[in-house]
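Please read the structure below before turning to the comments.
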Amino acid sequence: MAVQRIGFLEMHFEKILAAGAAAGVIGVIGWQLASAPTVDVGKKKDIPLASGMSELERVANQVKTDLVSKEPQKPDVPAVDIKSDFTKRSSAPVSGSKELAWAMPKLTGVSLGQSTQVNVPGLIYVRVPRPPAPGKPVAAPHLSTIDPAELANNAGLAEFLPKSAPYDTASISIETSFDGAALRAEYQRDESAAQLKSLPRSWWANAEIVKVEVYRQEQKPDGSWSDAVKVSDLPGRTPLAETFAKTDLDMGELLAKAKEHREEVLRPAFYARARIMGYPVGDDWFEPSQQNAVAEKGEEAKRLQQQLSDVLRKERNIKAAIERLRAPAATPTPRPGGRGPGGGGGIGGPGGRGGGGPAPQPSGPSTSEQQVTKLQADLKTIETEIASLRQKLQQLGVRTPQAKTPQPVGADGDLSELLRDGSVQVWTHDLAVQRGKTYRYQMRLGLTNPLYAQQRELKPEQNEISRQHVLYTSFSEWSDPVTTDPDVYSFVTSGNTRGGLNPTPTASAELYKFSWGYWRRARVALEPGDAFVGKTQVPDSEKVMSLPEANPGSTPNPGGPNLPPPGGPTGPSMTPGLPLPPSPGRGAQPSGPTPGTPDPSGRGPRGAAPNTPNTPGGTPAASGAIEPLPVVEVFIADNAIMLDTVNAPETTKGIGGSQERPVQVFVRDPRGMVVVRIPAGEKASVLYKRLDASADEGEKQLKGQFAGGPEPAPTPKPSRPQPDPFSPPPPQPGGGGGGGGGAGG
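In terms of our numbering, the sequence shown opens at residue 493 and continues consecutively.
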């Protein structure tokens, strides 16, 4: 058998395989080295690496241009015919199923009714309402002495007051009226002719006034007006300020707060007058329309107005006393613990008695209802007096404020009170005025915005107004100019020319300066070259502020000194409601007469008018006198100088028809100008009579004679925390432990 030889392939197979692999590797490396690298940038593929950065930069610049462009290229939006599409779909079969399509014609008794209008979000276009402007404002100046308690209760008030007492302050009150019925008509206006949708009733039915904005202009010396300045908010008189300060303000919360504080928003009360011994000083504040009407009718109208104010205050005091007497008595704080054990017995002595139960309630009938009955009788008397005074004022042509008759509700029961009132009174006060300056005012009101938070129901053009909580009315017209009282008034009351028994011309003048609620008067005799400077007396601020109240023991009692608070202790020789004096014994101190008891001197109860019966309101009668007030002397200066006196060239009719030549007094006024003053005309002026009457009341005040009754000090509204319904009830009061036993015999 021949030897088998190995073939060439078999002999060199591994070499061939190794050579092929080496050639492949060399080929790949060569291809990599020979071909240029590429990258993908954006939508472009296989870009040479050398061009990649430039392409990337181009794409980035294009993106930047699109971002900052005001008119970027918008994607194509396919046109959609909603009506045609809806018609096509509604006429087509509901389902492709043959069974369902076969069954539909058999439902002949089913009717889906006629289609109704559907409010598609974002497609409603409503007319933005334009609320009517408030009426022409009426402004009136007011000069008063503000109670120091107001300064403590209202942060920010110090900015407008003097640095120390008395806090004599000039202000101007501005009043307007707003037609709520016209606002309602504006909201209900039919705009179908203008292809606009009317406002849904639910958007505006609860409308409220939430802001009262006032703008002021000051008259310049040349008669022109300054730029309008917004009057600052009243310190302590902005109940919605905290609500508006919230970043997440809710319209429901704003409406609730506005309804709760409607009176404070629309007609904020002026600050309380200062009090001396509990008696308010100066004139009451009245709304501008009434104040101006009274000024036109003279002193008789002013006297009746002030008398009405005093009687209305008594009415408020009696009503407050009745409410207090009818209020449930406060539960005394129980002592912790329950019934205590008896004390241990001493040697030879009995043990003490065990602790008792709750303290026994006082026996005998309560006098509260008797006092209420008496006060109700007094209230009827006062109401009769109020009606009489109002009738007298109306006969003089003066409108008096009265409670409004509630508007009939009927079908409009869902509407707010604002929308059912055709004449809403609105007023506010400007404390940032200067003495002797002339101002005028215009107003606008802020209403709850019916379009607020309705973005889904509006077109994009209206989205801006839908983000605002307040919708403002137009501005009112400007008020008539009003001037505040200057610091000092001077009147020349008489004059004598040179001749006969008068070798030197003389004149008499009266100077007036406001302090502690009244104008204070200084009378001076003048000769040529004399300045208008005089002295007068005013209450000593430091001393009168420390005098005790007219109703001792507490702030003045709204019901009078003889009305106790519910549950107050009583006794045969003390004012009910005052604390019991300590019983004679260890720790007791001798004391003077109990407050409210007759003074041994026979002058009547301490702090009350001597031998003066109480009025129905429980306050001392207006004619009663207390001891004179402590006073200090102050100077009043007008910076004017008397120059000379002459007889007027014209004659006038005197007493009995005789011809007289009135005296003229030449005076250099504070501006350095020579002016002619005619005493007869100045004494007959309405201004002089007003200041003279006020000075007379001020002199009575210095003698301790006060008109009207005392008032309690103004207090901030208490914020009572609500009781926790989950807290356990307080433990029942129990008696203490019995005493120890006596000593053994």
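C-beta atoms are modelled at their ideal positions from N, C-alpha and C, and glycine is treated no differently. Bear in mind that the values here come from a model prediction, so they are computed numbers and not experimental data.
In the structure shown, Thr865 falls within a helical segment according to DSSP collapsed to helix, strand and coil.
A straight-line Cα-Cα distance of about 23 Å links Asn994 and Glu1174. Judged by DSSP in its simplified three-state form, Lys1175 adopts helix. Contact annotation: Pro1154 and Ala1140 have beta-carbon atoms nearer than 7 Å. The beta-bridge partner set that DSSP reports for Thr530 consists of Pro540. For Asp1161, the closest C-alpha among the options Gly1021, Glu1125, Pro1202 is that of Gly1021. Around the C-beta of Arg765, 16 or more other C-beta atoms lie within 10 Å, and the residue is accordingly described as buried. Under DSSP, Glu710 shares a beta bridge with Tyr931. When only Cα atoms are considered, Gly987 and Asp802 end up about 40 Å apart. In this structure, Gly1196 keeps its C-beta atom at 7 Å or more from the C-beta atom of Glu1125. Taking a contact to require three or more Cβ pairs closer than 8 Å, the region 919-928 and the region 978-992 qualify as touching.
DSSP, read as helix, strand or coil, puts Pro640 in helix. Restricted to the region 963-1043, the alpha helix (DSSP H) segments that are unbroken, complete and at least 4 residues in length are 1033-1036, listed in chain order.
For Glu667, the enclosing beta strand (DSSP E) has its first and last residue at 660-670.
Nearest neighbour of Lys655 by Cα position, chosen from Ile664, Val702, Ile638, Asp671, turns out to be Ile638. For the pair Arg693 and Gln680, the Cα-to-Cα distance works out to about 8 Å. Nearest C-alpha to Pro529 among Lys536, Val517, Ser543, Gly519: Ser543.
With distances taken between CA atoms, Thr989 lies nearest to Pro1171 out of Pro1171, Ser968, Leu950.
A distance below 7 Å separates the beta carbons of Tyr1180 and Phe983.
The alpha-carbon separation between Gly728 and Ala650 amounts to approximately 12 Å.
Residue range 693-696 is occupied by the alpha helix (DSSP H) that includes Arg693. Under a 10 Å Cβ-count criterion, Met1134 is classified as buried, with 16 or more other Cβ atoms of the shown protein chains found around its own Cβ. For Leu747, no beta strand (DSSP E) encloses it; the enclosing alpha helix (DSSP H) starts and ends at 743-752.
By the Cβ test, the region 932-948 is in contact with the region 689-707, since at least three Cβ pairs between them sit closer than 8 Å. Boundaries of the alpha helix (DSSP H) harbouring Asn955: 955-958, taken from the DSSP string. Here the C-alpha atom of Ser971 lies approximately 31 Å from the C-alpha atom of Arg805. Between Arg622 and Glu678, the beta carbon gap of about 7 Å places them in contact (Cβ cut-off 8 Å).
The straight-line gap separating the alpha-carbon atoms of Thr985 and Thr998 is approximately 11 Å.
Within 10 angstroms of the beta-carbon of Gly1009 lie 16 or more other beta-carbons, which makes it buried.
Under the three-state reduction of DSSP, Val704 is assigned to strand. Taking 7 Å as the cut-off, the beta carbon of Thr1028 is found no closer than this to the beta carbon of Ala625. Between Ala1129 and Val1025 a beta carbon distance of about 5 Å is seen, short of the 8 Å cut, so the two are scored as contacting. When only Cα atoms are considered, His504 and Ala510 end up about 10 Å apart.
In the DSSP assignment, Glu1125 falls within the unbroken beta strand (DSSP E) covering 1123-1139.
Annotation for Thr735: the continuous alpha helix (DSSP H) segment containing it runs 733-736. Counting only residues of its own chain and dropping the five nearest sequence neighbours on each side, Leu1183 has a CB closer than 7 Å to the CB of Tyr981, Tyr1004, Trp1011.
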